[in-house]
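Below is one structure, written out as structure tokens, with a few remarks after it.
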Amino acid sequence: MKRCFLLFLALLFFANTQAQENKSPQGKLIIKFAPLALFDPNRSVIQSGLEYKPLQWLGLQLDYGLKFTPLQALAWTNGRENFRYYTLRAETRFYIYNLDETNFYLATEAFYLPHKYRLYDQFVERNGVEYRYDYADIEMKIIGGAIKTGFVVPVISKLNVDLYFGFGLRQRNIKHKTHEEVALQQPKFYEFFEPIELHEGAKTVPHISLGVKISYVLL
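The number in our numbering is simply the position in the sequence shown, starting from 1, with 6 added.
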């Protein structure tokens, strides 16, 4: 997280420096790429999307994240066999202010992140009783939304940098299909953090939205 934040600040400084010398049209159809999504420790994806602006002050955006495996060794997903996932995000933007070719906006975002994988020799808690299983096929779905603020800075020609930050909520819903399940007499002790797969069902937690996108004006 610290590295991502430092990269965010570096890109912010670079974008503001370049904005003094370059101008970029706002456009009506814009293609985007989120480089930091490649380094997500939970689900590395190649995230790209399109924004359509029917009005100068309104933007409609849809992003899709395709599973990216080359950085899997750096992820926090060890032990998840046959790990399958993708990300889907939809956003409505309201461009509220322009300053020296920089476009400031407010946005609402909704996202859906389904996961499927298999775990071996782990634990699950149901109705106050903890069970140990040989293996389990797990389905986890994450849905949520956020309110964000950000700005788009022109870099060169039709190339822009988009930086944003916001808060929201996300709900994680986990289901297990266990095999060779045995009830424990006493719950397992976890020295630091419990695995998220320990508890079945839905849980809602705060969500922080922070990121950078590289965009190019098509039309």
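Just so you know, even glycine gets a beta-carbon here, dropped at the ideal spot from N, CA and C.
8 angstroms Cβ cutoff met for residue i and residue j
i, j, result
"SER221", "LYS154", "no"
"GLU131", "LEU204", "yes"
"LEU125", "TYR137", "no"
"ARG176", "GLY150", "yes"
"TYR103", "TYR70", "no"
"TYR58", "LYS38", "no"
"LEU56", "LEU68", "yes"
Local Cβ density within 10 Å of residue i, reported as buried at 16 or more and exposed below that
i, result
"ILE162", "exposed"
"PRO160", "buried"
"ASP168", "buried"
"VAL188", "exposed"
"ASN109", "buried"
"VAL223", "buried"
"HIS182", "buried"
"HIS121", "buried"
"LYS29", "Residue placement at LYS29 is poorly supported in this model, since its pLDDT is 41, which falls under 50; the coordinates still yield a value, given next. It counts as exposed."
"VAL51", "buried"
"GLU27", "Residue placement at GLU27 is flagged as unreliable, the pLDDT there being 42, under the threshold of 50; the coordinate-derived value follows with that caveat. Classification for GLU27: exposed."
"LEU190", "exposed"
Closest Cα partner of residue i within the set the options
i, options, result
"LEU64", "ARG95, PHE100, ASN88", "PHE100"
"PHE173", "GLU186, GLY156, HIS185", "GLY156"
"ALA40", "GLY207, LYS59, MET146, LEU94", "LEU94"
"THR114", "ASN179, LEU42, LEU66", "LEU66"
Check: residue i C-beta below 7 angstroms from any heavy atom of the ligand SAM
i, result
"ASP140", "No copy of the ligand SAM occurs in the structure displayed, which carries no ligand at all."
Segment limits, beta strand (DSSP E) that includes residue i
i, result
"ILE220", "207-223"
"THR75", "First-last for THR75: undefined, no H or E at that position."
"ASP143", "135-162"
"LYS34", "No beta strand (DSSP E) holds LYS34; DSSP gives it neither H nor E."
"GLU57", "51-61"
Sheet register partners of residue i (DSSP bridge)
i, result
"THR108", "LEU105"
"PHE89", "According to DSSP, PHE89 bridges with nothing at all."
"ASN179", "LYS147, ALA208"
"LEU94", "TYR70, TYR118"
Any chain D beta carbon closer than 8 angstroms to residue i
i, result
"LYS164", "This model lacks chain D altogether, as it is built from one protein chain only."
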